[in-house]
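Have a look at the structure below before the remarks.
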Amino acid sequence: MKVVRRILAIACTEFRFGFRRGAPVVVTALIGLLISAGILVGPLANLSMWEAVSVMTPERIQRWTSFGFTIEQHAPFIRDAVGDMFVGSTLLAWLLILLALLFLPIATAVSIPADRQFGVSELLRTTAISGFVYLAGKVLGMFATVLLVAAIMLGLFFAVTEIILFSILHHGLSASASLFFIKLSLLDGLPILIWGTTVGVLVGVFFRTRRAAIFPGFLAGVASLVGWVYAFRTPSQDFFGMTDLAYYYLVQNYHSFAMDLEARLGGGGLDYFGIAGAPGVGIGQLALMYLALVAALAVLTSLARLWLQWKENY
Amino acid sequence: MITVSQLTKTYGRKVHALRGVDLEIGTGMFGLVGPNGAGKTTLMRILAGLLRPTSGKVSVLGNDVTNRRGKLAVKSVLGYLPQELGLYPDLTALEFLEYVALLKGMTDKAEKEKQINETLELVGLTGDARRKMRTFSGGMKRRVGIAQALLGKPQLLIVDEPTSGLDPEERVRLRNLLAEMSARCTVILSTHIVEDVSQSCNDLAVINLGQVLFRGSPGDLIAQARGRVWNLVTTGERPGAALTVVSTVQIQDGVQYRVIGTPGEASKVVSVEPSLEDGYIWLMQQSRLEQVS
Chain U
1 MKVVRRILAI ACTEFRFGFR RGAPVVVTAL IGLLISAGIL VGPLANLSMW
51 EAVSVMTPER IQRWTSFGFT IEQHAPFIRD AVGDMFVGST LLAWLLILLA
101 LLFLPIATAV SIPADRQFGV SELLRTTAIS GFVYLAGKVL GMFATVLLVA
151 AIMLGLFFAV TEIILFSILH HGLSASASLF FIKLSLLDGL PILIWGTTVG
201 VLVGVFFRTR RAAIFPGFLA GVASLVGWVY AFRTPSQDFF GMTDLAYYYL
251 VQNYHSFAMD LEARLGGGGL DYFGIAGAPG VGIGQLALMY LALVAALAVL
301 TSLARLWLQW KENY
Chain V
1001 MITVSQLTKT YGRKVHALRG VDLEIGTGMF GLVGPNGAGK TTLMRILAGL
1051 LRPTSGKVSV LGNDVTNRRG KLAVKSVLGY LPQELGLYPD LTALEFLEYV
1101 ALLKGMTDKA EKEKQINETL ELVGLTGDAR RKMRTFSGGM KRRVGIAQAL
1151 LGKPQLLIVD EPTSGLDPEE RVRLRNLLAE MSARCTVILS THIVEDVSQS
1201 CNDLAVINLG QVLFRGSPGD LIAQARGRVW NLVTTGERPG AALTVVSTVQ
1251 IQDGVQYRVI GTPGEASKVV SVEPSLEDGY IWLMQQSRLE QVS
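First to last, the protein sequences are chains U and V.
Residues 1 to 314 (my numbering) are what the first sequence spells out, left to right.
Residues 1001 to 1293 (my numbering) are what the second sequence spells out, left to right.
Okay, here's the thing in structure tokens:
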């Protein structure tokens, strides 16, 4: 119990610093803003078109019924079609979250060197905390800062999207689009934020000053980005295939009423996201991806712990 | 009880910070005196479990600090004020003490608050507890350092150069505080200021170049210099190189020197009662002579 309390004490203090010093807050907010802006560009640019399409005229009713569809199907079709566009924009914009892998380690690498630079490190080592407790507290505190800022940014963005859609089209996002966004945030965004934050904090273990840790933090970011895209590459070779397995898995399993209708209109399968012909990704491969991440973080944490034991007698 | 046996610490291959130190420290207040670079801080840091010794044995309150379990056991009853104290500038004194209290394993909220308030009161920082520490003077930061060391009712209190940066009034207050603490726990005071030890310790060791030169009471150290401290008045010329000048005062007839050593017969000298500082300087003088020979 004391171990948990000590980890939380370090985490709370680090969380406080996160806001008082600001670097992780600024970086996360910037990445969040970029993603939000990227997602909103598509739907907002075409909003007037969707507004026009959603208004039923006698000609449009005639055309719609000529395909054998009922008028009742029109409203969910429009809602899901806007949702599909939102999902498409999300996918493009989500590529930007990979920037978190690049920039978060720079922002978080200063955490442990700051203790040394302020001269607090020696004082902390006189308390009965182990190297693991210290590292766990630092990572947890830094991650809490990043997570809170990311949640605020994505929440704000979601609210703004809903307000705009309601004010113009008189409906919000479709359930499938909203669910897709939430799943993507949890299955892909969260692991990226965890990795970026943790790697940064662990890299900082090896440096005495904040300034000295920044460039290694950047290198760790580059290595993370390249390693991530390579290790978790998707079977599809197109543009979306540049991201990772979690992202691909969600795209592969995305369905909407509008997509089904369009497929029926087109008389065959619809390759809405450009993944036709590529082999599928199962939940097992996704689990392997997370397992590999956990294993890599465990190895890095062990190395950092050994370093603390050797250099600072933790 | 602290027992140090044949303790050595080497940095790299050339710097021998401690050379076979043997020491036993009982309860009460113990003074560790020596010049800068003598090895005091290294010894303190080994006792606190912050540094691994190169060789030798160290037992602190029955725990071997060279193994992990013993080290953690010592740290759980330790209060430590490092020589170079750093604080988080973005935290208030209160936030910092709460943080340290939690790290020290103080989980009872009421007890934690009570102790924090008591220590803030003891070091005279109650009114400034909610100010960020970036606005604190050097002396105030030192007092925060002392407060954090006192948290958790430590059984062993190690204070390394605690009076540096404090004004005379604060120094006296701190010495009294440490003396009061020594009734409840073992206090090790490491300093190069002999006056701090003379006013508060009943047991001390003098260390130089990584070796213990003296171990005993302040009275024993003073006795070593008895018959070797003199007041010497000259018309201006300085005493010979064989004498160590402790103080120089301009008087009406010339200059009065307080010296340690053996003055020549022709000199106008008066034997005086030595102080602890005289005893310390005599010891250092002998140590240097031994090195030369």
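Glycine included, every Cβ here is placed at the ideal spot set by N, Cα and C.
Under 8 Å between the Cβ atoms of M153 of chain U and A29 of chain U? yes
Could you tell me the distance, in whole angstroms, from the CA atom of T70 of chain U to the CA atom of W64 of chain U? 7 Å
Per-residue burial, F77 of chain U [other beta carbons within 10 Å of its own, 16 or more giving buried]: With 16 or more neighbouring CB atoms inside 10 Å of its own CB, F77 of chain U falls in the buried class.
Give the single residue among V:Q1285, V:L1032, V:D1128 whose Cα lies nearest to the Cα of A1225 of chain V. A1225 of chain V has its Cα closest to that of V:Q1285, out of V:Q1285, V:L1032, V:D1128.
Taking only beta-carbon positions, decide if K1109 of chain V is within less than 8 Å of chain U. No, its Cβ sits nowhere closer than 8 Å to a Cβ of chain U.
Identify whether H1016 of chain V lies in helix, strand or coil by the three-state DSSP scheme. Correct three-state label for H1016 of chain V: strand.
Which residue spans inside the stretch 68–132 of chain U form an unbroken alpha helix (DSSP H) run of at least 4? 74–94, 98–108, 111–118, 121–125
Which runs of the beta strand (DSSP E) at least 3 residues long sit entirely within the stretch 1010–1079 of chain V? Give them in chain order. 1015–1025, 1029–1033, 1055–1060
Give the DSSP bridge partners of K2 of chain U, in chain order. BP columns for K2 of chain U are empty, so no partner.
Should S48 of chain U be labelled buried (16 or more other beta-carbon atoms within 10 Å of its own) or exposed? It counts as exposed.
What is the C-beta distance between L1177 of chain V and G1079 of chain V, in whole angstroms, given that I count them as a contact (C-beta under 8 Å)? The distance from the Cβ of L1177 of chain V to that of G1079 of chain V is about 12 Å, inconsistent with a contact at the 8 Å cut-off.
Decide if S1190 of chain V is buried, meaning its Cβ has at least 16 other Cβ atoms within 10 Å, or exposed. Under a 10 Å Cβ-count criterion, S1190 of chain V is classified as buried, with 16 or more other Cβ atoms of the shown protein chains found around its own Cβ.
Mind checking which residues open and close the beta strand (DSSP E) that includes I1158 of chain V? 1156–1160
What are the boundary residues of the beta strand (DSSP E) that includes A1129 of chain V? Counting along the chain, no beta strand (DSSP E) covers A1129 of chain V, and no H or E run does either.
Between the stretch 1049–1076 of chain V and chain U, which residues of the former have a C-beta closer than 9 Å to a C-beta of the latter? G1049, L1050, L1051, R1052, R1068, K1071, L1072, A1073, V1074, K1075, S1076
Could you check what DSSP says for Y1099 of chain V in three-state terms: helix, strand or coil? Note: Y1099 of chain V maps to helix in three-state DSSP.
V323 of chain U classed as buried or exposed, judged by whether at least 16 other C-beta atoms fall within 10 angstroms: Within the shown structure, residues of chain U are numbered from 1 to 314, placing residue 323 of chain U beyond reach of any answer.
Give the range of the alpha helix (DSSP H) segment to which I192 of chain U is assigned. Note, I192 of chain U: alpha helix (DSSP H), 190–204.
Pull up the distance between the alpha-carbon of L1087 of chain V and that of T1135 of chain V, whole angstroms please. Distance from the CA of L1087 of chain V to the CA of T1135 of chain V, rounded to the nearest whole angstrom, comes to 12 Å.
Cβ closer than 9 Å: which chain V residues qualify as neighbours of E14 of chain U? Result: empty, since nearest Cβ-Cβ is about 10 Å, beyond 9 Å.
So which residues on chain U does E1084 of chain V lean against when the C-beta distance must stay under 8 Å? G119, E122
Is the CB of Y1080 of chain V under 8 Å away from at least one CB in chain U? yes
Give the secondary structure of Q1250 of chain V by DSSP, where H, G and I count as helix, E and B as strand, and everything else as coil. strand
In whole angstroms, what is the alpha-carbon distance linking V9 of chain U and L1102 of chain V? Inspection of the sequence shows that residue 9 of chain U is occupied by Ala rather than by Val. Taken atom to atom, the span from the alpha-carbon of A9 of chain U to that of L1102 of chain V is near 6 Å.
By a C-beta neighbour count over all protein chains shown, 10 Å radius and 16 as the cutoff for buried, is E72 of chain U buried or exposed? exposed
Does A9 of chain U come within less than 8 Å of chain V when only Cβ atoms are used? yes
Output, in sequence order along the chain, the residues in the stretch 1008–1036 of chain V whose CB is closer than 7 Å to any CB in chain U. none
Cutoff 8 Å: D1160 of chain V Cβ touching any chain U Cβ: no
Residues of its chain near F86 of chain U, where Cβ-Cβ distance is below 8 Å and the 5 sequence neighbours each way are ignored: I39, G42, P43, T161, L173, A177, F181
Consider the Cβ of I275 of chain U: report whether some Cβ of chain V lies at a distance smaller than 8 Å. no
Where are the beta strand (DSSP E) runs, 3 residues long or more, that stay fully inside the stretch 1131–1196 of chain V, in chain order? Segments of the beta strand (DSSP E) lying fully in the stretch 1131–1196 of chain V: 1156–1160, 1186–1191.
Over what stretch of residues does the beta strand (DSSP E) that includes V1233 of chain V continue unbroken? 1229–1234
Note down, in chain order, each residue of its chain lying with its Cβ closer than 8 Å to the Cβ of N1202 of chain V, except the 5 sequence neighbours on either side. G1028, M1029, S1217, P1218
At a CB-CB cut-off below 8 Å, which residues of chain V make contact with F132 of chain U? For F132 of chain U, there are no neighbours in chain V by C-beta distance under 8 Å, as the nearest C-beta there is about 12 Å away.
Along chain V, which residues have their Cβ under 8 Å away from the Cβ of R5 of chain U? L1102, G1105, T1107
Report the neighbours of A136 of chain U on chain V: residues whose CB is nearer than 7 Å to its CB, in chain order. Those do not exist, as A136 of chain U stays about 13 Å from chain V at its closest Cβ, beyond 7 Å.
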